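J.:
Numbering (our numbering), first residue to last: 142 to 401.
1. For the beta strand (DSSP E) that contains residue 206, what are its first and last residues?
2. So, with DSSP's three-state summary, where would you put residue 324?
3. Examine the Cβ distances between the stretch 343-357 and the stretch 166-173 and report whether three or more of them are shorter than 8 Å.
4. Can you tell me whether residue 193 is helix, strand or coil according to DSSP?
5. Using three-state DSSP, classify residue 251 as helix, strand or coil.
6. Among 377, 356, 229, 400, whose alpha-carbon lies nearest the alpha-carbon of residue 370?
7. For residue 167, which three-state DSSP category applies?
8. Below 8 Å, can you find three or more Cβ-Cβ pairs linking the stretch 300-317 to the stretch 174-186?
9. So, for residue 357: in the same chain, excluding its five sequence neighbours on each side, which residues have a beta-carbon less than 6 Å away from its beta-carbon?
10. Restricting to Cα atoms, I'd like to know which of 303, 304, 329 is closest to residue 315.
11. Would DSSP call residue 279 helix, strand or coil?
12. In whole angstroms, what separates the C-alpha of residue 223 from that of residue 324?
13. Whose CA, out of 189, 321, 220, 265, lies closest to the CA of residue 402?
14. Classify residue 209 as buried or exposed, calling it buried when 16 or more other Cβ atoms lie within 10 Å of its own Cβ.
15. Using only CA atoms, which one of 185, 195, 197 lies nearest to residue 211?
16. Count the other C-beta atoms from every protein chain shown that fall within 10 angstroms of the C-beta of residue 197, then say buried if there are 16 or more, exposed otherwise.
17. Kindly confirm or deny that the stretch 254-264 and the stretch 226-240 touch, where touching means at least three C-beta pairs closer than 8 Å.
18. With H, G and I counted as helix, E and B as strand and the rest as coil, what does DSSP make of residue 287?
19. Inspect the CB distances between the stretch 332-341 and the stretch 200-207 and report whether three or more fall short of 8 Å.
20. Indicate the three-state DSSP secondary structure (helix, strand or coil) for residue 397 in the structure shown.
21. From the DSSP output, in three-state form, read off residue 363 for me.
22. Taking Cβ to Cβ, would you say residue 190 is nearer than 8 Å to residue 362?
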């Protein structure tokens, strides 16, 4: 059975290597969404693991995304449909004077549905631009992770090619948390570098400005390894820059594209 599975994976990878004509561009592991859409009639699967830690004098929270998965399908030229789902976990420890109290939660996140459309190609000093919008559907989540309201989000994704090795991307947008009617405004800036033909790296700053809550600012960085033209592995880690943000996180995952 293991040998059969190995040869199936090997065949798919070789098939993708021989027939793929488009570079694999993913929306992970950084927080900045790319301005590139999935090729026409191609299905791209991006999945991974994430652990976030937040600590204070009286509280410690470890949040997990055991399987954070995004399906991207090229419905039209420069237009993709997006479907996302996560299996989440949370370990909470309350630190008391005499004893600690802890509990755990597990379950599915709300189903995310959305789209990305390329607005314009890069030309001279003008960046490539895409528009991304989506909605989380509350009733599809387990009760522990179900927001009170639908949670729309949108952002504009911009990218510049600086030279043969470096690129710059940035996002601006807004998102709702599902518990209030007030949006949070989102920003991100990422500098990407080609270290070798198959290995890339990035550093990034990002955060949110909620209308009626504290700002959150973070930095992160990571690496990608393009194993074949349609299969990529990634690793990233990040830190919070202020008290309202998480303390730190680590993430690892993969992306694979199935071309028509």
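Yeah, the Cβ is synthetic: ideal placement off N, Cα and C, and Gly gets one too. Fair warning: this is a prediction, and the values are worked out from it, not measured in the lab.
T.: According to the structure shown:
1. For the purposes of this step, residue 206 is taken as residue 65 along the chain shown, with counting starting at 1. Element bounds for residue 206: 200-217.
2. Position 183 of the chain shown, counted from the start, is the residue given in the question as residue 324. Three-state DSSP puts residue 324 in a strand.
3. yes
4. Indexing the chain shown from 1 puts residue 193 at position 52. Of the three classes helix, strand and coil, the one that applies to residue 193 here is strand, per DSSP.
5. Residue numbering aside, residue 251 sits at position 110 when the chain shown is read from its first letter. In the three-state scheme derived from DSSP, where H, G and I count as helix and E and B as strand, residue 251 is classed as coil.
6. The residue given as residue 370 occupies position 229 in the chain shown. The candidate whose alpha carbon is nearest that of residue 370 is 400.
7. Position 26 of the chain shown holds residue 167. The answer is coil: DSSP assigns residue 167 none of H, G, I, E or B.
8. yes
9. Here residue 357 corresponds to residue number 216 of the chain shown, with the count starting at 1. Excluding residues within five positions, the ones whose Cβ falls inside 6 Å are 348, 349, 385, 386.
10. As a position in the chain shown, residue 315 is number 174, starting the count at 1. Residue 315 has its Cα closest to that of 329, out of 303, 304, 329.
11. In the chain shown, residue 279 corresponds to position 138, counting from 1. Note: residue 279 maps to helix in three-state DSSP.
12. What you label residue 223 is simply residue 82 of the chain shown in a count that begins at 1. What you label residue 324 is simply residue 183 of the chain shown in a count that begins at 1. Each residue's Cα considered, the two are about 22 Å apart.
13. What is shown of the chain runs 142 to 401, which leaves residue 402 out entirely.
14. Within the chain shown, residue 209 is the residue found at index 68, counting from 1. It counts as buried.
15. Looking up residue 211 in the chain shown gives position 70. That would be 185, whose Cα lies nearest to the Cα of residue 211.
16. Residue 197 sits at position 56 when you count from the first residue of the chain shown. Residue 197 should be labelled exposed.
17. no
18. Sequence index remark: in the chain shown, residue 287 carries index 146 (1-based). Three-state result, residue 287: coil.
19. no
20. Translated into the one-based positions of the chain shown, residue 397 becomes position 256. Looking at residue 397 - three-state DSSP - the assignment turns out to be strand.
21. What you label residue 363 is simply residue 222 of the chain shown in a count that begins at 1. Three-state result, residue 363: strand.
22. Translated into positions along the chain shown, residue 190 becomes position 49. Translated into positions along the chain shown, residue 362 becomes position 221. Result no, Cβ atoms of residue 190 and residue 362 do not sit closer than 8 Å.
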